[in-house]
Amino acid sequence: MNHIMTCTTEELALLVSLCGEPGIAKGIAEAAIGEKSPQEWEAIMEVTVHQLILKQLWDTEKDQRGENPLSEPMQEFIQSYIQSEWMLRCSNAFGQNTLMLHQVDDSTWLAHIVDRDIIHEFSYMDKTEIPKLIKEYYSFAPVEMNEVKAFQLTDEAFDLLSDPHQIEKVKSLSDFTAEEESYFNEFVQDIEAHNWTLNNISFFNVPNVEEAPLLHNIVFFLPSTTGIWSVEYTDDPIKPVFVQLIGSAQWEELLDGVGTVATSV
């Protein structure tokens, strides 16, 4: 990986605005610090300019001549970020950061780690590094599986899982065998231990900067003391949601699949 820069949300918003996308810049800033009055934004951006000068990212001489104060390489980098058409988003519900991977070209992707909606770290990487980076990002303890534990859910039942008061309704909708119900109970215990939240890796197409991203694929998962629960959609017309407890080998296979899907576009 080739580190490019680390910046604050305000700095990133200003860099994006300087590259001709004030609307995207406003969205980046407001997502982190909320709506502000024009006077407040002006004050924030004034301080941010000083930070960019300190980091030697702002050329004051070019600015005084009325030119874009950013270097050509920096402008090219920002354009590759905002114009990327494909993105992998790796959520971390149990931490305070998110990993996003943006396609730059056929072989190059941009790794973007957002820490607490405050700090943004960017690095270029080769597409073959994607599975390894995601595995390192989550850092699950190695575990081997000696028993297959799996069950299926309807869409409706899966949607209800975020509400602890709906567990009995999920069971009534699912028609589990005794064995499947025991696995489901284990799954529920793990969800409860993680505040009724699942992690996910989602794959988006971004047609252009004016349109909302289109979800192409999503995999949910949850770490457990006995493995990793994976949740994937299948073609089953009745119970499309397949839940399985997997070990380290299966987890690596899942990430290899994610990488294959992402880099085949």
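FYI, the numbering for the sequence shown is 100 to 364, going by the numbering used here.
The C-beta atom is built at its ideal place from N, Cα and C for all residues, glycine as well.
Residue i to residue j span [Cα, whole Å]
{"i": "V342", "j": "V318", "result": "10 Å"}
{"i": "V203", "j": "S179", "result": "6 Å"}
{"i": "N167", "j": "I103", "result": "20 Å"}
{"i": "A277", "j": "V340", "result": "19 Å"}
{"i": "Y223", "j": "A240", "result": "27 Å"}
{"i": "N285", "j": "C189", "result": "Sequence check: residue 285 is Glu here, not Asn. Straight-line Cα distance between these residues: approximately 24 Å."}
{"i": "P336", "j": "Q251", "result": "11 Å"}
{"i": "P352", "j": "F303", "result": "Per the sequence shown, residue 352 should be read as Glu rather than Pro. Distance between the alpha carbons of E352 and F303: 21 Å."}
DSSP beta-bridge partners of residue i
{"i": "K248", "result": "L344"}
{"i": "F257", "result": "Beta-bridge pairing links F257 to no other residue."}
{"i": "F319", "result": "N299 and V330"}
{"i": "Y223", "result": "N101 and L209"}
{"i": "L272", "result": "Note: L272 sits in no beta bridge, so no partner."}
{"i": "W185", "result": "N304"}
{"i": "N196", "result": "D214"}
{"i": "L74", "result": "A question about residue 74 goes unanswered here, because the residues of the chain that appear run from 100 up to 364."}
{"i": "C106", "result": "H219"}
Exposure of residue i, with buried meaning 16 or more beta-carbon neighbours within 10 Å
{"i": "K154", "result": "exposed"}
{"i": "Q195", "result": "exposed"}
{"i": "N245", "result": "exposed"}
{"i": "F193", "result": "exposed"}
{"i": "E175", "result": "exposed"}
{"i": "L313", "result": "exposed"}
{"i": "H211", "result": "buried"}
{"i": "M100", "result": "exposed"}
{"i": "W157", "result": "buried"}
{"i": "V161", "result": "According to the sequence displayed, residue 161 carries Lys and not Val. Exposed, because fewer than 16 other Cβ atoms sit within 10 Å of the Cβ of K161."}
{"i": "A348", "result": "exposed"}
{"i": "A112", "result": "buried"}
Per-residue DSSP class, three states only, for residue i
{"i": "Q178", "result": "helix"}
{"i": "N191", "result": "coil"}
{"i": "Q202", "result": "strand"}
{"i": "I132", "result": "helix"}
{"i": "W157", "result": "coil"}
{"i": "I143", "result": "helix"}
{"i": "T324", "result": "coil"}
Beta-carbon proximity of residue i to residue j, cut-off 8 Å
{"i": "Y236", "j": "L200", "result": "no"}
{"i": "L260", "j": "V247", "result": "no"}
{"i": "V287", "j": "I266", "result": "yes"}
{"i": "G346", "j": "E243", "result": "yes"}
{"i": "V357", "j": "M186", "result": "no"}
{"i": "P263", "j": "E291", "result": "yes"}
{"i": "I177", "j": "L114", "result": "yes"}
{"i": "L354", "j": "F320", "result": "no"}
{"i": "E255", "j": "L232", "result": "no"}
{"i": "I123", "j": "T108", "result": "no"}
{"i": "W328", "j": "D289", "result": "yes"}
{"i": "T207", "j": "K338", "result": "no"}
{"i": "E110", "j": "T147", "result": "yes"}
{"i": "Y44", "j": "A249", "result": "Not covered by the structure: residue 44. The range shown for the chain is 100 to 364."}
{"i": "I229", "j": "A361", "result": "yes"}
{"i": "L169", "j": "L117", "result": "yes"}
{"i": "T325", "j": "L344", "result": "yes"}
Proximity test, residue i beta-carbon vs the ligand FMN heavy atom, cut-off 7 Å
{"i": "H264", "result": "Judged by which ligands are present, the structure shown has none, so any question about the ligand FMN falls away."}
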